[in-house]
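Below is one structure; the comments refer to it alone.
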Amino acid sequence: MGTVYIIGLGPGNTEYLLPIAKKKMEQVEHIIGARRMLEAVGREDGYTMGSVESTIALIEELEREGDVGILVSGDPLLYSLTRSIQNDERSKEWYIQIIPAVGSLQMLGASFGITMEEANIMSVHGRRIKHGTIVANIMAHRYNFFLCSKEQGPDFLARVCLEYQVKDVKFYIGANLTYDTESLEEGVPEEIANRSYPALCVAIIENLNPKKREPLSYLKDEEFVRGKTPMTKEEVRVLAVHHLGIEEDSVIWDLGAGTGSISVECARQAPYGEVYSVEYQQEALSLMEKNKAKFDCKNLHIVEGRALQVLSELPTPDCVFIGGSKGELAEILKEIKSRRTGIRVILSAVTLETVAEAVTLLNGWNEVEVLQVGISKSRTLGSYHVMESQNTVTLFLAES
Numbered sequence: 123m124g125t126v127y128i129i130g131l132g133p134g135n136t137e138y139l140l141p142i143a144k145k146k147m148e149q150v151e152h153i154i155g156a157r158r159m160l161e162a163v164g165r166e167d168g169y170t171m172g173s174v175e176s177t178i179a180l181i182e183e184l185e186r187e188g189d190v191g192i193l194v195s196g197d198p199l200l201y202s203l204t205r206s207i208q209n210d211e212r213s214k215e216w217y218i219q220i221i222p223a224v225g226s227l228q229m230l231g232a233s234f235g236i237t238m239e240e241a242n243i244m245s246v247h248g249r250r251i252k253h254g255t256i257v258a259n260i261m262a263h264r265y266n267f268f269l270c271s272k273e274q275g276p277d278f279l280a281r282v283c284l285e286y287q288v289k290d291v292k293f294y295i296g297a298n299l300t301y302d303t304e305s306l307e308e309g310v311p312e313e314i315a316n317r318s319y320p321a322l323c324v325a326i327i328e329n330l331n332p333k334k335r336e337p338l339s340y341l342k343d344e345e346f347v348r349g350k351t352p353m354t355k356e357e358v359r360v361l362a363v364h365h366l367g368i369e370e371d372s373v374i375w376d377l378g379a380g381t382g383s384i385s386v387e388c389a390r391q392a393p394y395g396e397v398y399s400v401e402y403q404q405e406a407l408s409l410m411e412k413n414k415a416k417f418d419c420k421n422l423h424i425v426e427g428r429a430l431q432v433l434s435e436l437p438t439p440d441c442v443f444i445g446g447s448k449g450e451l452a453e454i455l456k457e458i459k460s461r462r463t464g465i466r467v468i469l470s471a472v473t474l475e476t477v478a479e480a481v482t483l484l485n486g487w488n489e490v491e492v493l494q495v496g497i498s499k500s501r502t503l504g505s506y507h508v509m510e511s512q513n514t515v516t517l518f519l520a521e522s
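Counted from 1, the sequence shown has number 386 at position 264 by our numbering; the numbering is strictly sequential.
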């Protein structure tokens, strides 16, 4: 049984390799890496790295015979193969030693004299991250360091900023760091958005006025534009939105949205997220447009049609509120569950028939909880006051 060394090669130029990394690469019996890496360090006798699965299987085979070195670009502690190896059950039997390296983000910070004490680090290299998540991080931190890719480079990040009207930030960009073709530049989103960058690129976005989002108080019923369309009452609305567990970058579906009261509250609680309000009745759609405009909810998207006609066109949600289903509840829940696990769902039921159907359909879902809400409010009757009950609402809380 040998030691498995995960060795960082740094930003590219072998001059930045740590001496201990060079020593281990010479000593190990077996070495694995991309062909260009093996050639760069003079170990053409090594094994060419394949997929994650095949690489881990190869490590398992070779470490029985002696020490194994795995070459990774950049710093192995930052968005590299390290975590994939550690998360694999086979690695629990190995003795693993990590040899860190100077990463491209450190090189970029050094190039512009920006230290990393306040750095928030993100990678958009080969990862699908919601635009709202990117902007939420930019708004909350002074410095955001990004590992980029050809498809999602600094120009992509700049366009995301402009999409959310985030213009008062500054970009610091490094391409092909430590190579002969290295280039450095600075700029604002409008300048960066229309430029092109190579695949080996990193960026820092500086926000001189970072601020954490303050939670908003909930709206009262009388603040909404009303009509004959039923609206989820204030107290139930607060409970429902609270239990959805909305984050500032959440993607939310509001199905059977009615006047849009739930949609508006969700949009306010997720300023960097997206709310998709599905409704087919014309009066309700008109009211929703008015409430969207009144509360300036630019991240609220009104989708006309019945749920089953339009859900396939919507992005996968983080949470869903079902206020009405018009006989399509089974199919709606099936569509939600087919997307992914972990989607939070709240189903509002007023009739006993819907309650009975929900109990059956949610059997087998995760974290199912039932909350029954009965609200009574005082009403003046002559010189007296009486308590007047509203319809009891049953909220089903579940997770796909």
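Cβ coordinates follow ideal geometry from the N, Cα and C atoms, glycine included.
Just list the residues that DSSP pairs residue i with in beta bridges.
i, result
"Asp125", "The sequence given here has Thr at residue 125, not Asp. Its beta-bridge partners are Tyr217."
"Cys323", "Ala297"
"His423", "Tyr398"
"Gly196", "Gly132"
"Arg501", "Val508"
"Arg466", "Cys441 and Glu521"
"Ser173", "Answer by DSSP bridge pairing: none, since Ser173 is not bridged."
"Leu330", "DSSP, once it has assigned bridges, lists no residue as partnering Leu330."
Tell me whether residue i sits in a helix, a strand or coil according to DSSP, three-state version.
i, result
"Cys388", "helix"
"Tyr138", "helix"
"Ile181", "helix"
"Ile207", "helix"
"Val472", "coil"
"Ile154", "strand"
"Val515", "strand"
"Arg165", "coil"
"Gln494", "strand"
"Leu160", "helix"
"Leu341", "coil"
"Thr482", "helix"
"Leu230", "helix"
"Ser318", "coil"
"Asn488", "strand"
"Ser408", "helix"
"Glu356", "helix"
"Val347", "coil"
"Val224", "coil"
"Val190", "strand"
Pull up the CB-CB distance for residue i and residue j, whole angstroms please, since I reckon it's below 8 Å.
i, j, result
"Pro269", "Tyr340", "The sequence shown places Leu at residue 269, rather than the Pro named in the question. About 39 Å separates the two Cβ atoms, so there is no contact after all."
"Ile260", "Asn329", "6 Å"
"Ile218", "Val126", "5 Å"
"Thr514", "Gly496", "5 Å"
"Cys419", "Val373", "With a Cβ gap of about 15 Å, Cys419 and Val373 do not count as contacting."
"Ile221", "Gly130", "6 Å"
"Ile458", "Ser522", "6 Å"
"Ser470", "Ala362", "7 Å"
"Ile326", "Tyr265", "6 Å"
"Leu306", "Ser195", "Rounded, the Cβ-Cβ distance is 20 Å, inconsistent with contact."
"Glu405", "Gly464", "The Cβ separation is near 35 Å, so there is no contact."
"Cys323", "Ile295", "7 Å"
With a threshold of 7 Å between beta-carbons, can residue i be considered close to chain B, or not?
i, result
"Val515", "Looking at the structure shown, chain B is missing, and only one protein chain is on hand."
What residue ranges within the segment 233–298 form continuous alpha helix (DSSP H) runs of no fewer than 4 residues, ordered along the chain? 253–262 and 276–285
Are the segment 352–362 and the segment 297–314 touching by the rule of at least three beta carbon pairs closer than 8 Å? no
Can you find at least 3 beta carbon pairs, one from the segment 394–413 and one from the segment 250–262, that sit closer than 8 Å? For the pair of segments examined, the segment 394–413 was found to touch the segment 250–262: the number of CB pairs separated by less than 8 Å reaches three.
Write down every uninterrupted run of the beta strand (DSSP E) in the segment 360–386 whose length is 3 residues or greater and which is fully enclosed by it, in chain order. 373–377
Stretch-stretch touch, CB-based, cutoff 8 Å, three pairs: the segment 408–420 with the segment 446–454: The segment 408–420 vs the segment 446–454: no contact.
Are the segment 146–166 and the segment 184–191 touching by the rule of at least three beta carbon pairs closer than 8 Å? Segments in contact, yes.
Is the segment 426–434 close to the segment 480–496, with three or more CB pairs under 8 Å? Result no; under three Cβ-Cβ pairs closer than 8 Å.
Secondary structure, beta strand (DSSP E): runs of 3+ residues fully inside the segment 431–462: 441–444
Indicate whether the contact test is met: 3 or more Cβ pairs, each with one atom in the segment 203–220 and one in the segment 264–282, closer than 8 Å. Not touching, per the Cβ criterion.
Evaluate contact between the segment 306–319 and the segment 279–287, counting only Cβ atoms and requiring at least three cross-stretch pairs below 8 Å. yes
Could you say if the segment 150–159 and the segment 179–187 meet the contact criterion of at least three C-beta pairs nearer than 8 Å? Enough Cβ pairs lie closer than 8 Å, so yes.
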